[in-house]
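Visitor:
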Amino acid sequence: MQGDLWEGVMDVACGGSVPPEAGQPKDRYDGPAQVLGGGSRYRGSLRTSCGEISFELLADEAPVTANNFAFLTREGFYDATEVHRVVPGFVVQMGDPTATGTGGPGYAFADELDAARTRGYPRGTLAMANAGPDTNGSQFFITLEDVGLPPDYAVFGLVTSGMDAVDRIAAVPLNGEQPQQHVFLEAATVEIDS
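When we follow the UniProt record's numbering, the leftmost residue of the sequence shown carries the number 1, and every step to the right adds one.
1) Quick check on the burial criterion: 16 or more other C-beta atoms within 10 angstroms. Buried or exposed for D111?
2) Should I192 go down as buried or exposed, given a rule of 16 or more other Cβ atoms within 10 Å for buried?
3) Output the distance between the C-alpha atoms of Y42 and V190, rounded to the nearest integer angstrom.
4) Along the chain, where does the alpha helix (DSSP H) that runs through residue 196 open and close?
5) Quick one: using the 10 Å Cβ neighbour count with 16 as the cut-off for buried, is S161 buried or exposed?
6) Going straight from the alpha carbon of H159 to that of P19, what length do you get?
7) So what does DSSP say about N136, is it helix, strand or coil?
8) On the three-state DSSP scale, how would you describe G8?
9) Which value, in whole angstroms, describes the spacing of the CA atoms of G106 and N136?
10) Per DSSP, what kind of secondary structure is G3 in: helix, strand or coil?
11) DSSP three-state call for A116: helix, strand or coil?
12) Any idea which residues DSSP pairs T48 with across the strands?
13) So for P63, helix, strand or coil by DSSP?
14) Locate the alpha helix (DSSP H) running through V166, then write down its first and last residues.
15) Taking the alpha carbon of A59 as the point to measure from, which residue in D30, F77 and A154 has its own alpha carbon closest?
16) Apart from the five residues just before and just after M1, which ones in its own chain have a Cβ nearer than 8 Å to its Cβ?
17) Which term fits G95, buried or exposed, when burial requires 16 or more other beta carbons within 10 angstroms of its beta carbon?
18) In the DSSP assignment, find the beta strand (DSSP E) that holds R85 and state where it starts and stops.
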C-alpha cells in the first residue's frame with residue numbers, strides 16, 4: 001500500500017518500481033535465532049531495482065555472521081529497503097531499514113574475522129558494515145573492486161553472478177555517497193545449495 005502512494009513520487013533507478021512494502025517499519029530483535037544447520041552449503045540472492053545478485057553464503061567460515069544474515073532474510077528484514085551508500089570503485093552498502101546509515105535490527109554481535117583475514121576483500125565480497133569492533137547488525141556491503149581494507153569487517157559471502165547489477169547500482173548518480181535515485185533491495189533469499 002505504501003509503495004502505491006510513493007509510485008510516481010520516487011525516482012527509482014534502473015527503471016525499477018517502488019516495492020509495495022517500502023517505507024514500512026521493520027521489526028527489532030534481541031538477537032538472531034539459529035536458522036542455519038551445520039554441514040550444509042547455502043546460496044542467496046538479492047533482487048534489486050538494478051537486477052539480481054546471486055551469492056554463496058560462507059556458513060562454514062563465518063557461521064555466526066551467515067546465520068545472522070539468513071535470520072534477517074527469513075524475517076523479511078531486508079525486503080523493500082534501500083541501497084543507502086555507494087562509494088565508486090569501493091563498495092555498495094545496504095541493509096539499513098532507515099536508509100540513513102544508522103539503522104539496524106535492534107542488536108549487535110561480535111566480529112567474526114577469520115574469513116576476512118584469509119580471503120581479504122576481492123571484488124564481489126559481501127561483508128558486514130560496522131561502526132567499530134563488535135557492532136555488526138544488519139548493514140552490509142559488496143565490494144566493487146579488490147579493496148585493501150584491514151580485516152575489520154566480517155566476510156560472509158561471495159557474489160557468484162550478478163556483478164553487472166552491482167555495477168549498475170554503482171553507476172547511479174550520487175549526492176555525496178547517497179544515490180540520487182532510489183535503489184531498492186526488493187527481496188533477499190537464502191536457501192540450501194543442493
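Here a beta-carbon is modelled for each residue, glycine too, at the ideal position from N, C-alpha and C.
The structure displayed is predicted, hence computed values, not measured ones.
Guide: On the basis of the data shown:
1) buried
2) exposed
3) 7 Å
4) With the chain represented from 1 up to 194, any question about residue 196 goes unanswered, as that position is not in the structure.
5) exposed
6) According to the sequence provided, residue 159 is Val. The question's His does not apply to it. Approximately 24 Å, taken between the alpha carbons.
7) strand
8) Any reading at G8 is ruled out, since the residue's pLDDT is 48, under 50, leaving its predicted position unreliable.
9) 11 Å
10) Confidence at G3 is low in this model, with a pLDDT of 45, below 50, so its placement is unreliable and the value that follows should be read with caution. Note: G3 maps to helix in three-state DSSP.
11) helix
12) G51 and L185
13) helix
14) M163 to A170
15) A154
16) Bear in mind that the predicted position of M1 carries a pLDDT of just 40, short of 50, making it too unreliable to give a figure here.
17) buried
18) R85 to V87
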